[in-house]
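Worksheet: the structure to be examined is printed underneath.
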């Protein structure tokens, strides 16, 4: 009683098909990818750092000004 190829159950069919070899190395971590990106795009990273520093400084100076203005 041979069955036609289309009548083979899915469990038997998946067991016969070869699988691709899996990569045993874990994917790189987010920190490692971020550090690699910072090294490759040095100018962009420095520009973004400068913008962040200037923005934080502006917020702190603005809060200090508002505190002095409303509490004097």
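In my numbering, the protein residues as written are 680 to 751. In this text, a Cβ means the ideal position worked out from N, Cα and C, and glycines have one as well.
Alpha carbon of residue i to alpha carbon of residue j, nearest angstrom
{"i": "residue 716", "j": "residue 707", "result": "13 Å"}
{"i": "residue 710", "j": "residue 733", "result": "24 Å"}
{"i": "residue 742", "j": "residue 725", "result": "26 Å"}
{"i": "residue 731", "j": "residue 721", "result": "15 Å"}
{"i": "residue 705", "j": "residue 712", "result": "13 Å"}
{"i": "residue 735", "j": "residue 747", "result": "18 Å"}
{"i": "residue 703", "j": "residue 723", "result": "34 Å"}
{"i": "residue 745", "j": "residue 738", "result": "10 Å"}
{"i": "residue 740", "j": "residue 727", "result": "20 Å"}
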